[in-house]
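Numbering (the numbering used here), first residue to last: 190 to 547.
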Amino acid sequence: MEKDYRDYYEVLSIPRDADDAQIKRAYRNLALKYHPDRNPDINASREMKDINEAYAVLSDREKRRRYDLYGHAGLEGYTMEDIFGGVDFQDLFREFGLGDLGFGLLDSLFGGRRTKTRSNRVDLKFELTVDLTEVAEGAEKKIDMTREEECPVCHGKGAKKGGIGRCDRCHGTGQIVRKQRLGWSIFQQVIPCPSCQGRGEVIIDACDKCQGRGKIEVQRSLSVHIPPGADSGYTIRFKGEGENGGDLYVVLKVREHPLFERRGDDIYLQKEVDMICAALGGEIEVEGLRGKLKVQVPEGAQTGAALTIYGEGIPHLGRGGCGDEYVILRVAIPTDLSPEGKDILRQFESLRKKAAKV
Ligand SMILES: [Zn+2]
Ligand SMILES: [Zn+2]
Numbered sequence: 190m191e192k193d194y195r196d197y198y199e200v201l202s203i204p205r206d207a208d209d210a211q212i213k214r215a216y217r218n219l220a221l222k223y224h225p226d227r228n229p230d231i232n233a234s235r236e237m238k239d240i241n242e243a244y245a246v247l248s249d250r251e252k253r254r255r256y257d258l259y260g261h262a263g264l265e266g267y268t269m270e271d272i273f274g275g276v277d278f279q280d281l282f283r284e285f286g287l288g289d290l291g292f293g294l295l296d297s298l299f300g301g302r303r304t305k306t307r308s309n310r311v312d313l314k315f316e317l318t319v320d321l322t323e324v325a326e327g328a329e330k331k332i333d334m335t336r337e338e339e340c341p342v343c344h345g346k347g348a349k350k351g352g353i354g355r356c357d358r359c360h361g362t363g364q365i366v367r368k369q370r371l372g373w374s375i376f377q378q379v380i381p382c383p384s385c386q387g388r389g390e391v392i393i394d395a396c397d398k399c400q401g402r403g404k405i406e407v408q409r410s411l412s413v414h415i416p417p418g419a420d421s422g423y424t425i426r427f428k429g430e431g432e433n434g435g436d437l438y439v440v441l442k443v444r445e446h447p448l449f450e451r452r453g454d455d456i457y458l459q460k461e462v463d464m465i466c467a468a469l470g471g472e473i474e475v476e477g478l479r480g481k482l483k484v485q486v487p488e489g490a491q492t493g494a495a496l497t498i499y500g501e502g503i504p505h506l507g508r509g510g511c512g513d514e515y516v517i518l519r520v521a522i523p524t525d526l527s528p529e530g531k532d533i534l535r536q537f538e539s540l541r542k543k544a545a546k547v
C-alpha cells in the first residue's frame, strides 16, 4: 500500500508544541470541512483520512512521543488498528455535539471494511437483580465490582523508570524476517517481532505494582439509582467505569414475585375467596405492593372475575401515575363440610327448588 508521508502537524496546521486542546480544536474544524457526510469531494475523503490519522497519533501521548522522536519511522511497528484504536470517533463527535457524524466514520473512510478499532477500552456489563417491590418504590443499590485499570505507577508500561530496553530478538526494529518453505520455494516475510509485539523494546525491570502487566485490578463500589417503574432490561450507563475508559452498563433484572405477575405497569394477583363471600359479596383483604388493601367482592362473583384496584400497580416510568392491580378471583368450594353444614346446604337447595316451581 503506497503511502505519502505527510507531517501530522502540517495536516492539522498546528505548531509542534500544540497542547491537547489545540489539537482537538484543529481536528474539529478540519473534520467539519472534510467530513464525507458534509463534503462529497473524493479528495475531501482522502484528506479526512489524513486528518484522522494525524489526530489519532498526536492525541495519544505515547504515539506522539514516538512520532516527535523518530517521525513516521517511529510508528512503523503499529498497524492501522493500533493507530486508530486509541480514538473513539463516535465519542469525540458526540463531544463536539455532532454525534451522528462520528458514527461509522472509519468505515466510510476505509471503504466499508470494518477497521476494527482494537482499542483496549472494554465496556462491561453488570446484571443487577432486584425485587418487584424495589422497582415499585424506586431504590438505591450498591454494586461492588472488580475491573482492570492502567497501572498508576508505570502508566501501563509495565516497567520501572528506565526499565525498558531494546528487544534483542529484533534488535529494536520491532520486525523479524520469517522464512517459510512452500513447495520448492522459500519465502521471506517480514512480521512483527513476537518477543516485543512489534514494539522494538521489552521490559527489563518490571514495575513492582503491576508485576509488568501494566494494569492492576481495582475494586469499585458504585451506587445505582433505580427509578420507580423500571423493568427488566432497563440499562444504566456509567461512563468511564468500564475497563481502560470503556463504559459500564448496569442492566436490571427484576426477580419474579411469588404473588404478583407484572404485565406492563399492571400487576395481577390470584386470590381465593370462599363460596359464601363469592355468593353474598363482601369486603376482602388482599396483598398489595405497598401493603394490605381492601377490595369489594360483588354479589355473585365467579371464578376468573377480575377486580380492579386503580393506581395500585407499578409506577409509570418517568411520567407519574401508576398502573393498576387486578385481583383475579377463584371461588373455593368447601371440601370439609360437617353434617350440619351439609344439612344447611340441602335446606338451601330445597328452598331454591321450591322458589323455581312458583
Ligand atoms: Zn505498573
Ligand atoms: Zn522484538
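Backbone N, C-alpha and C fix where the C-beta goes; we use that ideal spot for every residue, glycine too.
Residue burial classification, residue i (beta-carbon count within 10 angstroms, cutoff 16)
i, result
"Phe537", "exposed"
"Ile212", "buried"
"Lys305", "Low confidence applies here, because Lys305 scores a pLDDT of 36, under 50, leaving its location unreliable; read the following figure in that light. It is exposed - the Cβ of Lys305 has fewer than 16 other Cβ atoms within 10 Å."
"Asn241", "buried"
"Lys546", "exposed"
"Arg302", "With a pLDDT of 36 at Arg302, under the threshold of 50, the modelled position of that residue is not reliable, and the figure given next carries that caveat. Looking at its Cβ environment, which holds fewer than 16 other Cβ atoms inside 10 Å, Arg302 is exposed."
"Pro528", "exposed"
"Gly493", "exposed"
"Leu281", "buried"
"Arg307", "Residue placement at Arg307 is poorly supported in this model, since its pLDDT is 43, which falls under 50; the coordinates are not used for a value here."
"Gly300", "Caution is warranted here: a pLDDT of 43 is assigned to Gly300, below 50, making its placement in the model unreliable, and no coordinate value can be reported."
"Tyr197", "buried"
"Lys442", "exposed"
"Gly347", "buried"
"Met464", "exposed"
"Gly507", "exposed"
"Tyr256", "buried"
Proximity winner among the options, relative to residue i (alpha-carbon distances)
i, options, result
"Glu489", "Ala467, Gly507, Gly480", "Contrary to the premise, residue 489 reads as Gly rather than Glu in this sequence. Closest option to Gly489, Cα to Cα, is Ala467."
"Val440", "Pro383, Glu251, Ala419", "Ala419"
"Cys382", "Cys511, Gln400, Arg355", "Arg355"
"Thr424", "Val413, Pro204, Glu432, Gly434", "Val413"
"Arg452", "Lys398, Tyr515, Lys460, Lys428", "Tyr515"
"Lys404", "Asp239, Ala220, Thr335, Asp196", "Thr335"
"Glu337", "Val324, Ile393, Leu437", "Leu437"
"Glu472", "Lys483, Arg479, Asp463", "Lys483"
"His360", "Leu201, Gly387, Gly275, Tyr457", "Gly387"
"Glu406", "Thr268, Gly431, Val391", "Gly431"
"Glu326", "Ala521, Gln491, Arg479, Leu534", "Arg479"
"Ile503", "Gly530, Glu474, Ala544, Glu450", "Glu450"
"Arg205", "Ser234, Val246, Lys222", "Val246"
"Ile203", "Asn232, Ser248, His505", "Ser248"
"Asp556", "Gly510, Lys481, Gly434, Leu469", "Since the displayed the chain opens at 190 and closes at 547, residue 556 lies outside it and no answer follows."
"Thr318", "Ser421, Ala544, Arg367, Cys343", "Ser421"
"Gln459", "Val475, Leu469, Arg444", "Val475"
"Ile517", "Pro487, Gly530, Arg508", "Pro487"
"Lys314", "Arg426, Arg519, Gly434, Arg535", "Arg426"
"Cys340", "Lys349, Arg444, His505", "Lys349"
"Pro173", "Ala220, Glu501, Thr322, Gly434", "Summary: the structure shown does not reach residue 173, with the chain confined to residues 190 through 547, and so no result is reported for it."
Beta-ladder partner(s) of residue i, from DSSP
i, result
"Thr318", "Lys442"
"Met334", "Arg409"
"His313", "Rather than His, the amino acid found at residue 313 in this sequence is Leu. Per DSSP, Leu437."
"Ile425", "Val439"
"Arg519", "Glu461"
"Leu504", "The residue you asked about is not Leu; residue 504 is Pro in the sequence shown. Cys511, per the DSSP bridge assignment."
"Ala328", "Ile415"
"Glu476", "Lys481"
"Asp455", "Arg452"
"Ala348", "Ala395"
"Leu496", "Val516"
"Glu339", "Lys404"
"Gly471", "Val486"
"Glu432", "Val311"
Distance cut-off 7 Å: residue i Cβ against heavy atoms of ligand 1
i, result
"Cys511", "no"
"Val352", "Per the sequence presented here, residue 352 reads as Gly, with Val not at that position. Gly352 Cβ: outside cutoff for every heavy atom of ligand 1."
"Gly347", "yes"
"Gly266", "no"
"Cys399", "yes"
"Gly500", "no"
"Gly327", "no"
Cβ-heavy atom distance, residue i to ligand 2, below 7 Å
i, result
"Gly389", "yes"
"Cys565", "Residue 565 falls outside the range modelled here, since the chain spans only 190 to 547, and no answer is possible."
"Phe356", "For the sequence presented, residue 356 should be read as Cys rather than Phe. Checking the Cβ of Cys356 against ligand 2 gives yes."
"Cys396", "no"
"Gly263", "no"
"Gly286", "no"
"Gly275", "no"
"Gly435", "no"
"Gly363", "yes"
"Cys359", "yes"
Open item on the list: I'd like the ranges of any beta strand (DSSP E) spanning at least 3 consecutive residues and lying wholly in the stretch 352-402.
Closed with: The stretch 352-402 contains these whole beta strand (DSSP E) runs: 353-355, 364-371, 374-381, 390-392.
TODO: Starting from the N-terminal side, write out each stretch of the alpha helix (DSSP H) that is 4 residues or longer and does not extend beyond the stretch 204-262.
DONE: 209-223, 231-247, 250-259
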